[in-house]
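Student: So the sequence shown is residues 636 to 696, counted in our numbering.
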Amino acid sequence: MDQDRVETCIVCGQPKEEGIHIVNEFICLACEAEMVQTRVEDEKYPFFVHRLRQIAVRYHV
Ligand SMILES: [Zn+2]
């Protein structure tokens with residue numbers, strides 16, 4: 636494994652080493668954890684939904 640392997644998180648736009656993949660997109664652990672904790676009434680929620688919806692549209696999920 637390449638130790639220098641980093642991927643760009645689609646939510647925060649930062650290069651991160653650890654995270655999850657949704658389809659072919661990468662979300663870092665920090666954003667994934669924040670998303671899990673985000674409630675529907677949270678002002679950040681529409682932002683996350685918007686980003687995830689972009690993935691869904693792109694890959695026809
Ligand atoms: Zn992130």
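Beta carbons: idealized from backbone N, C-alpha and C, even for Gly. Keep in mind it's a predicted model, so treat the numbers as computed, not measured.
#1: State yes or no: is the C-beta of Ile645 within less than 7 Å of the C-beta of Arg693?
#2: What's the call for Phe661, buried or exposed, on a 16-neighbour Cβ count within 10 Å?
#3: Closer than 6 Å: is that where the CB of Val608 sits relative to any heavy atom of ligand 1?
#4: Following the continuous beta strand (DSSP E) through Tyr657, name the residue where it begins and the one where it ends.
Tutor: On the basis of the coordinates in this document:
#1: no
#2: So Phe661 counts as buried.
#3: Only positions 636 to 696 of the chain appear in the structure, and residue 608 is not among them; the question remains open.
#4: Going by the sequence as given, residue 657 is Ile instead of Tyr. Looking at the DSSP string, the run of the beta strand (DSSP E) that includes Ile657 is 654-657.
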